[in-house]
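Comments concern the structure below.
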Amino acid sequence: DAKTTQPNSMESNEEEPVHLPCNHSTISGTDYIHWYRQLPSQGPEYVIHGLTSNVNNRMASLAIAEDRKSSTLILHRATLRDAAVYYCILKMLEGGSEKLVFGKGTKLTVNP
Amino acid sequence: DTEVTQTPKHLVMGMTNKKSLKCEQHMGHRAMYWYKQKAKKPPELMFVYSYEKLSINESVPSRFSPECPNSSLLNLHLHALQPEDSALYLCASSQRTGRRNTEAFFGQGTRLTVV
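These protein sequence lines map, in sequence, to chains R and E.
Under this note's numbering, the first residue of the first sequence is numbered -19, with each subsequent residue one higher.
Under this note's numbering, the first residue of the second sequence is numbered 2, with each subsequent residue one higher.
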């Protein structure tokens, strides 16, 4: 399976931007880059996804490198509620079925 | 309704018991998934169902038996589990597009303890 590499942990201050990096050097041409986050005691929650172009939604922005070997999730103003484990995932096809294989993720701590 | 509902929320079972976990969604999604998550670890994929048929089994032991009786329901039957099977079991669903550009919706999980 294609792999992603993320820092184990990052820290941010409230109301400051946060840039969460992800390396995915083995990405194939048709793999989508997905980000999910998991708040304590909850199931994972979708954040954003992209293929080649940068993407924005109400939660975050996703910046994808031109060679697609890395990406960065940007939280524009971190809040205490953004403290979670953030997973960068390459969504792949196997036997015609889609699957999400989680990497180790980055635990984000937000300081007040 | 964008919810995936899992029941029960907590389950304690003995090693000789038989129990089932239930997952339900009413979003018309045709792909459904079971994941297992140990404490402080990422979710691990167990099974993928596509159009009610098992399409991916990630070499899961036979004491875990999935079932998809219809497009809204996904069950995980448990039998003769071991204490190391204690974990959070997560269900997820997504539209079946085969194009990898759809989001998955996760339930809150069932916290299973095997004694």
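The C-beta atom is built at its ideal place from N, Cα and C for all residues, glycine as well.
R:N3 has its alpha-carbon roughly 7 angstroms from the corresponding atom of R:S51.
E:W35 has its alpha-carbon roughly 14 angstroms from the corresponding atom of E:P62. Using a CB distance cut-off of 8 angstroms, E:V61 does not count as an interface residue toward chain R. Note that the C-beta distance between E:V115 and E:Q83 is below 8 angstroms. A direct Cα-Cα distance of roughly 11 angstroms separates R:L73 from E:S56.
Identification of chain R residues near E:L91 by a Cβ-Cβ cut-off of 7 angstroms yields G23, ordered along the chain.
The distance from the Cβ of R:E78 to that of E:R31 is about 11 angstroms, inconsistent with a contact at the 8 angstroms cut-off. Here E:E45 carries a strand assignment [DSSP, helix/strand/coil].
Between E:L75 and E:E59, the C-beta spacing is not below 8 angstroms.
Where R:E(-9) is concerned, the enclosing beta strand (DSSP E) starts and stops at S(-11) to N(-7). Residue environment analysis places E:H11 among the exposed positions, since fewer than 16 neighbouring C-beta atoms fall within 10 angstroms of its C-beta. Taking C-beta atoms as the reference points, E:V5 and E:A93 count as a pair closer than 8 angstroms. Only residues of its own chain outside the window of five on either side were considered, and among them A(-18), R48, K49 and L70 have a CB closer than 7 angstroms to the CB of R:I7, listed in chain order. By the criterion of at least three beta-carbon pairs nearer than 8 angstroms, the stretch 52 to 70 of chain R is in contact with the stretch 11 to 26 of chain R.
Near chain R, meaning a CB-to-CB distance below 7 angstroms, the residues of the stretch 17 to 51 of chain E are A32, P43, P44, L46, V49 and S51. Exclusion of the five residues before and after R:E(-9) leaves T89 as the residues of its chain whose Cβ lies within less than 6 angstroms of its Cβ. Annotation for E:D86: V115 place their beta carbon closer than 6 angstroms to its own, counting only its chain and skipping 5 residues before and after.
Within 8 angstroms of the CB of R:D11, the CB atoms of chain E belong to R101, in sequence order along the chain.
For E:S94, the enclosing beta strand (DSSP E) begins and ends at A88 to S95. Counting only residues of its own chain and dropping the five nearest sequence neighbours on each side, E:R97 has a CB closer than 8 angstroms to the CB of H30, R31, A32, S51 and Y52. Short of 6 angstroms from the beta carbon of E:P44, and not among the five residues preceding or following it, lie these beta carbons of its own chain, in chain order: Y36, Q38 and L91. CA-CA distance, R:T(-16) to R:E46, rounds to 17 angstroms. Nearest neighbour of R:R61 by Cα position, chosen from R:G76, R:A43 and R:P20, turns out to be R:P20.
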